[in-house]
Ligand code: DX5
Ligand code: ZN
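Numbering (the numbering used here), first residue to last: 3 to 234.
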């Protein structure tokens with residue numbers, strides 16, 4: 003058991019990435035991961051410009067919000083986050099993060115997100131140094147460390163990103179650290195030991211269900227995957 007207790011959350015939080023869910027059965031997939039103990043739902047927004055893929059829009063977020071009480075963690079991989087941030091907050095996002103190099107005024111956009119009463123995050127690509135977000139720390143609730151190159155699920159975990167956790171927490175102990183990409187039951191315990199508090203997992207949760215049609219079976223499969231990620 004690698005849980006780190008906090009006054010705000012019982013860490014680690016497990017955030018299934020809906021990118022890896024079956025898009026034709028999205029509500030069933032959400033119900034299954036909620037029943038299996040998921041803490042947060044991670045929604046990858048890709049615009050076909052910043053990354054070579056197209057995924058969810060605000061109407062998806064609004065629809066997802068209508069079927070769950072879990073916090074919605076909207077990860078924006080878009081060229082113009084300032085344009086779309088209000089759309090996603092209006093649609094029901096609870097946490098919003100963007101890649102700071104995509105925004106001319108990232109400090110101002112983070113202030114705006116917080117002013118709307120939700121959690122604000124910055125995303126670091128595997129090749130970006132943690133110092134990029136140093137001056138943003140006063141207006142950050144969390145930093146999302148990408149452990150794959152953004153754009154697709156199912157990629158291999160890049161272990162070097164873990165070294166960014168300690169210097170960020172040294173500067174801001176209340177910061178939440180989210181790890182996204184290639185997270186599985188083998189690398190999760192090491193991430194939690196290094197104080198990662200939110201683990202995003204797409205294929206290592208939803209990829210388990212091949213050939214499973216019964217809802218109750220899927221819940222048990224997802225529960226096992228989520229428990230394995232938590233280290234128990
Ligand atoms: C990649 C996305 C990730 C992705 C994770 O650009 O940001 O959230 O869905 O998927 P897995 O867990 O399969 O690497
Ligand atoms: Zn993501």
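For glycine and all other residues, C-beta sits at the position ideal for the given N, C-alpha and C. These numbers come from a predicted model, not from an experiment.
Item, Value
"Residue 91 and residue 66 closer than 8 Å at C-beta", "no"
"Cβ-Cβ separation, residue 36 to residue 79 (assumed contact under 8 Å), whole Å", "Actually they do not touch by this definition, with Cβ atoms about 25 Å apart."
"Assigned secondary structure, residue 18 (DSSP; H/G/I helix, E/B strand, else coil)", "strand"
"Closer than 7 Å: residue 33 CB and nearest the ligand ZN heavy atom", "no"
"Residue 199 burial status per 10 Å Cβ neighbour count (16 or more: buried)", "buried"
"CA-to-CA distance, residue 74 to residue 20, given in whole angstroms", "11 Å"
"For residue 187, the three-state DSSP class (helix, strand or coil)", "coil"
"Local conformation of residue 30 per DSSP, three classes", "helix"
"Neighbourhood of the ligand ZN [Cβ distance below 5 Å to any heavy atom], ordered by chain position", "46, 77, 182"
"Counterpart residues of residue 56 in DSSP-defined beta bridges", "49"
"Backbone CA spacing between residue 13 and residue 147 [nearest angstrom]", "17 Å"
"Under the three-state DSSP convention, the category residue 227 falls into", "helix"
"Pair within 8 Å by beta-carbon distance, residue 141 and residue 112", "yes"
"Close beta carbons around residue 225, own chain, < 7 Å, minus the five adjacent residues each side", "38, 39"
"Three CB pairs or more closer than 8 Å across the region 177 to 190 and the region 149 to 161", "yes"
"Terminal residues of the beta strand (DSSP E) in which residue 122 lies", "121 to 126"
"Residue 88 and residue 153 closer than 8 Å at C-beta", "no"
"Which residues DSSP lists as bridging residue 100, in chain order", "78, 124"
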